[in-house]
Amino acid sequence: MFSSPKQLPYPYAKVPNDNEEDRDHVPKTGAWKPLQQAFKSRWAHHIKLGAYAVLLLLMGFFLGYAFEQRNLGTRSHLELSVQPRLFKMERVFGDKPSRESSSAWDTLMPKRGGFFNHPKIAPKRSAYAVFHQLHCLNALREAYWTTLDAAVSPTALNVNDIPFEVSPVHMRHCIDLLRQALMCTPDLTVETKNETLGGVTGFGTVHQCKDWSELMGWMVQWQDVGAPKRGGEGGNTHAHHHGS
1 MFSSPKQLPY PYAKVPNDNE EDRDHVPKTG AWKPLQQAFK SRWAHHIKLG AYAVLLLLMG
61 FFLGYAFEQR NLGTRSHLEL SVQPRLFKME RVFGDKPSRE SSSAWDTLMP KRGGFFNHPK
121 IAPKRSAYAV FHQLHCLNAL REAYWTTLDA AVSPTALNVN DIPFEVSPVH MRHCIDLLRQ
181 ALMCTPDLTV ETKNETLGGV TGFGTVHQCK DWSELMGWMV QWQDVGAPKR GGEGGNTHAH
241 HHGS
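Encoded structure:
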């Protein structure tokens with residue numbers, strides 16, 4: 001006969017076996033459902049936001065493309081890159097008409113006087129205004145030297161002998177054309193006053209300029225398109241820009 005065990009001084013808890021412990025830590029099947037639903041709901045929300053973002057991007061792309069195509073059909077100017085340029089005096093462009101000065105001015109004009117055709121910008125034969133303006137500025141140079149020569153010459157100048165290119169009527173036309181062109185696109189470059197001179201020289205200041213070589217390259221590409229087969233364009237004469 002065995003005696004009963006002594007009472008332990010501390011409470012005794014039964015150690016669960018492995019199977020019981022596993023059952024306590026494994027959630028019941030029903031407990032997963034709220035977690036699964038929350039997980040699916042969150043992913044559905046992210047997918048929906050992503051779809052909206054893609055849709056907005058596509059809409060923006062196609063609307064921008066359509067606007068650009070519509071704009072291209074009515075755009076009347078060529079987009080050129082901008083580059084800094086330091087203005088400096090080049091005397092040859094203000095010199096008396098000579099082979100050297102005339103050649104310098106000729107390099108500023110495309111071979112067809114600035115005329116071109118382009119399917120979007122100019123379906124009809126046209127010219128960029130800048131070449132007309134340069135033509136006028138060169139005519140003013142020639143008129144200045146013609147007038148100066150006449151002023152110092154012992155022989156009086158016969159008004160009827162004045163070529164139309166340097167005539168008063170053409171000069172009035174060119175002066176007002178250049179006035180309006182300068183006011184249309186004013187150069188807002190800041191020129192610092194020379195206190196010694198009491199004004200500005202215009203040289204030695206950096207301007208932000210359209211890339212002229214880029215424009216001339218574009219003219220080479222399009223000036224022969226739709227060009228007349230014989231004469232009527234090129235050079236630097238009055239008829240090429242005023243139709244005389």
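Taking full-length UniProt numbering, I'd label the letters of the sequence shown as residues 1 to 244.
Heads up, the beta-carbon is just placed ideally off N, CA and C, and yes, glycines get one too.
### Task
On the DSSP bridge assignment, give the partners of Cys209 in chain order.
BP columns for Cys209 point to Gln83.
### Query
For Phe203, which three-state DSSP category applies?
coil
### Query
Does the segment 137-147 come close enough to the segment 187-196 to have 3 or more Cβ pairs within less than 8 Å?
No: fewer than three Cβ pairs fall under 8 Å.
### Message
Between the alpha carbons of Ser98 and Phe116, how many angstroms are there, rounded?
### Response
29 Å
### Message
Suppose the cutoff is 7 Å on Cβ atoms and the five residues either side in sequence are ignored; what does the same chain contact list for Arg125 look like?
### Response
Phe115, Asn117 and Gly226, listed in sequence order.
### Task
Figure out for me which residue from His77, Leu56, Gln180 and Cys209 has the closest Cα to the Cα of Ala127.
Of the listed residues, the one whose Cα sits closest to Ala127 is His77.
### Query
Can you tell me the Cα-Cα spacing of Ala156 and Pro119, whole angstroms?
Rounded to the nearest whole angstrom, the C-alpha separation of Ala156 and Pro119 is 52 Å.
### Query
If you draw a straight line from the C-alpha of Lys111 to the C-alpha of Met183, how long is it?
Distance between the alpha carbons of Lys111 and Met183: 28 Å.
### Query
Just to confirm, are Asp129 and Ala181 a CB contact at a threshold of 8 Å?
Correcting the residue type first, residue 129 is Ala in the shown sequence and not Asp. Against a cut-off of 8 Å, the Cβ pair of Ala181 and Ala129 comes out as a contact.
#### Entry: Reduced DSSP secondary structure (H/G/I, E/B, other) of His118
strand
### Task
Give me the Cα-Cα distance between Val219 and Gln133, rounded to the nearest whole angstrom.
First, the amino acid is wrong: residue 219 is Met here, not Val. Cα-Cα distance, rounded: 16 Å.
### Query
In whole angstroms, what is the alpha-carbon distance linking Pro228 and Asp149?
In a straight line, the C-alpha of Pro228 is about 38 Å away from that of Asp149.
### Buried or exposed (CB count within 10 angstroms, at least 16 for buried), Trp212
In this structure Trp212 is exposed. Its beta-carbon is surrounded by fewer than 16 other beta-carbon atoms within 10 angstroms.
### Task
Quick one: grab the DSSP three-state call for Pro186.
coil
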